[in-house]
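The next block holds one structure in the form of structure tokens; read it before the comments.
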Amino acid sequence: MLVAVGVALMTTVGQGCAWNRADAASTGSAGAAGAPAPGSLREVAMASRGAAQIVQSLTDEVGPRLAGSSASRAAVEWAIRTLQARGFANVHTEPVTVPHWQRGEERGAVVSPVAQPVQLTALGGSIGTPPGGLEAEVVEVDSLEALDKLGKAAVAGKIVFYNVPMPRARDGSGYGKAVQVRGAGAIRAAALGGVGVVIRSVGTDQNRLPHTGAMRRDENSPTVPAAALSIPDADLLHRLLTEHKSVRLALTLGCRWLPDAQSANVIGEIPGSGAPDEIVLLGAHLDSWDLGTGALDDGAGVGIVVNAAQLIGSLQLRPRRTVRVILFANEENGLSGARAYAQAHQIEAAKHIAALEADAGTARAYALRYLGAPEGRARLLEIAAGLKPLGIDFDDADAHGGADLGPLRALGVPMIDLAQDVTTYFDFHHTANDTFDKIDPEALAQVSAAVALAANGIANMNGDFGRVPPDKRESNRGGLLRMSF
Ligand SMILES: [Zn+2]
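6 is the number of the first residue of the sequence shown in the working numbering; add one for each residue after it.
What follows is the structure in structure tokens.
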């Protein structure tokens with residue numbers, strides 16, 4: 006694979022455009038004659054189906070890989086094998102302690118005024134229901150604030166139903182608000198004496214498949230069993246509550262917590278030719294929820310960044326800086342890998358020139374965003390010009406960086422976002438429907454090409470992006486932004 010791509014790129018030597026020659030000259034290590042044109046990297050990357058092949062391999066050979074599970078250990082082995090086979094250097098693991106939560110039996114039903122089953126799934130991190138399950142009257146709210154307003158008298162002894170729809174949007178902007186009740190809903194309901202929680206799935210589909218996702222837990226705060234209803238079942242419950250004064254729901258969740266487990270971040274590099282200690286970081290998360298096979302979330306991201314770095318490694322003229330790929334452990338159920346990496350590499354943080362994470366599914370990228378020192382912005386603008394032919398524009402909004410990059414952002418590491426179109430992503434996100442057939446190999450190639458061009462440009466540029474200004478290092482302002490896609 007690696008060799009074939011390298012040969013393909015070498016055949017296009019000498020067709021460099023202006024910025025490529027400038028880059029080659031700036032490295033001082035090789036002349037323009039030895040440099041592949043960015044056009045050629047773009048073309049080879051667009052033609053490559055490597056990213057989709059990687060997703061297929063991960064989802065078919067490993068499948069669902071929730072933190073702590075035996076499949077998550079198989080995923081680490083898969084990642085080591087894959088990076089080695091694709092020609093990465095310094096392939097290694099770094100230890101991460103991860104929580105181990107296990108889903109069990111799960112059932113739900115309306116028991117009165119009518120009796121009929123509903124489709125639901127436990128939220129990641131929920132406690133189980135007592136033996137025999139629980140049954141209670143339902144109280145519906147559309148926000149955490151609305152629940153607090155109801156107060157103890159209206160909530161005690163009841164199952165709280167958070168019914169917060171998520172609007173469909175290209176930029177996923179509906180996620181941040183809808184996901185708040187998933188995160189905080191159980192603790193807030195418990196504080197008012199609630200006995201259980203069901204939420205309207207955080208998703209944009211009308212399939213009868215619930216969307217799981219992490220809920221917050223805090224050893225000092227009581228919590229209650231919490232599940233997500235499929236969206237048609239949330240609609241049903243809402244109609245019943247509109248028509249009838251009292252609706253009772255039965256809930257059985259067999260999920261449970263096991264002792265923490267050992268896992269690992271998996272890292273591989275394309276070593277820099279001139280400044281190997283300076284790092285351009287490309288991240289994705291290796292873990293997935295347990296319901297689907299984690300093709301979109303985040304097999305796609307793994308495919309995008311591994312393939313992009315491999316393409317850079319195939320260039321005849323290696324970039325000046327090191328391109329480091331990191332496949333994070335346990336993004337979904339608590340960002341353990343993200344924290345472990347930032348902690349282990351704190352001293353090296355200043356050597357991280359920029360970081361980019363792919364965690365937004367399979368669809369095409371449409372915008373490039375920047376977050377770094379203001380004086381570094383012009384450097385990314387230059388690189389952005391090379392992404393224009395891919396239909397990607399520079400967008401002045403601050404980059405976010407992705408959930409796994411939050412701890413690095415806090416250390417001041419500049420963030421680069423390639424915003425992907427997530428219009429349909431939340432139809433499948435965290436459901437049993439997140440499977441390989443949803444992958445669009447052509448679109449994935451476009452994103453991977455964009456990552457390759459951006460990372461190669463950053464790895465070769467003169468100067469750097471400085472550091473993220475201190476007032477922009479907090480990545481989850483007020484909890485309103487996405488926790489994680
Ligand atoms: Zn994800």
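Note that the Cβ used here is the ideal one computed from N, Cα and C, for glycine as well. Since this is a predicted model, take the numbers as computed values, not measurements.
Reduced DSSP secondary structure (H/G/I, E/B, other) of residue i
i, result
"P264", "strand"
"E479", "coil"
"W106", "strand"
"E111", "strand"
"A30", "Confidence in A30 is poor, its pLDDT being 32 and thus under 50, which makes the residue's placement too unreliable to answer from."
"Q185", "helix"
"T327", "strand"
"A37", "With a pLDDT of only 42 at A37, under the threshold of 50, the placement of this residue in the model should not be trusted; the figure read from the coordinates follows. Helix at A37."
"N398", "Per the sequence shown, residue 398 should be read as Asp rather than Asn. In this structure, D398 counts as strand in the three-state DSSP scheme."
"G201", "strand"
"Q58", "helix"
"L125", "strand"
"V146", "strand"
"S77", "helix"
"P100", "strand"
"V49", "helix"
"A269", "strand"
"A334", "coil"
"R472", "coil"
"L485", "With a pLDDT of 39 at L485, under the threshold of 50, the modelled position of that residue is not reliable, and no figure is offered here."
"I85", "helix"
"I164", "strand"
"A174", "coil"
"A191", "helix"
"L385", "helix"
"L71", "coil"
"A120", "coil"
"L139", "strand"
"P379", "helix"
Residue burial classification, residue i (beta-carbon count within 10 angstroms, cutoff 16)
i, result
"N467", "exposed"
"N95", "exposed"
"P324", "buried"
"D282", "exposed"
"L254", "buried"
"I132", "buried"
"P230", "buried"
"H249", "exposed"
"G396", "exposed"
"P136", "exposed"
"A120", "exposed"
"H434", "buried"
Distance cut-off 6 angstroms: residue i Cβ against heavy atoms of ligand 2
i, result
"D303", "For the structure depicted, ligand 2 is absent and the ligand set comprises only ligand 1."
- So does the region 337-356 actually touch the region 394-406, counting three or more Cβ pairs closer than 8 angstroms? no
- Message: What ranges does the alpha helix (DSSP H) occupy inside the region 337-377, keeping only unbroken runs of at least 4 residues that lie completely in it?
- Response: 341-349
- Message: Report the start-end ranges of each alpha helix (DSSP H) in the region 223-266 that is 4 residues or longer and not cut off at the edges.
- Response: 236-248
- Message: Using a Cβ distance threshold of 8 angstroms, determine whether the region 300-307 contacts the region 139-152, with at least three qualifying pairs required.
- Response: no
- Could you say if the region 232-244 and the region 96-107 meet the contact criterion of at least three C-beta pairs nearer than 8 angstroms? no
- Counting only runs of 3+ residues fully inside the region 273-332, write out the beta strand (DSSP E) ranges in chain order. 280-290
- Task: Ignoring anything shorter than 3 residues or poking outside the region 403-465, list the beta strand (DSSP E) runs there in chain order.
- Result: 420-425
- Query: Any chance the region 310-320 sits against the region 450-466, with 3 or more Cβ pairs inside 8 angstroms?
  - Reply: yes
- Should the region 441-450 be regarded as contacting the region 376-388, the criterion being three or more beta carbon pairs within less than 8 angstroms? no
- Query: At a cut of 8 angstroms, does the region 144-158 reach the region 192-199 through at least three beta carbon pairs?
  - Reply: Judged by Cβ distances under 8 angstroms, the region 144-158 makes contact with the region 192-199, as three or more pairs qualify.
- Message: With a threshold of 8 angstroms, are at least 3 pairs of Cβ atoms found where one atom belongs to the region 87-101 and the other to the region 253-272?
- Response: yes
- Query: Would you say the region 61-70 touches the region 408-418, given that touching needs at least three Cβ pairs under 8 angstroms?
  - Reply: no
- Message: Contact between the region 325-334 and the region 367-379 is defined here as three or more beta-carbon pairs at a separation below 8 angstroms; is this criterion met?
- Response: no
- Touching by the beta-carbon criterion (3+ pairs, under 8 angstroms), the region 185-192 and the region 164-171: yes
- Message: For the pair the region 430-439 and the region 202-213, tell me if three or more CB-CB distances fall below 8 angstroms.
- Response: Put simply, the region 430-439 touches the region 202-213. At least three CB pairs are less than 8 angstroms apart.
- Does the pairing of the region 353-364 with the region 417-425 give three or more beta-carbon distances under 8 angstroms? yes
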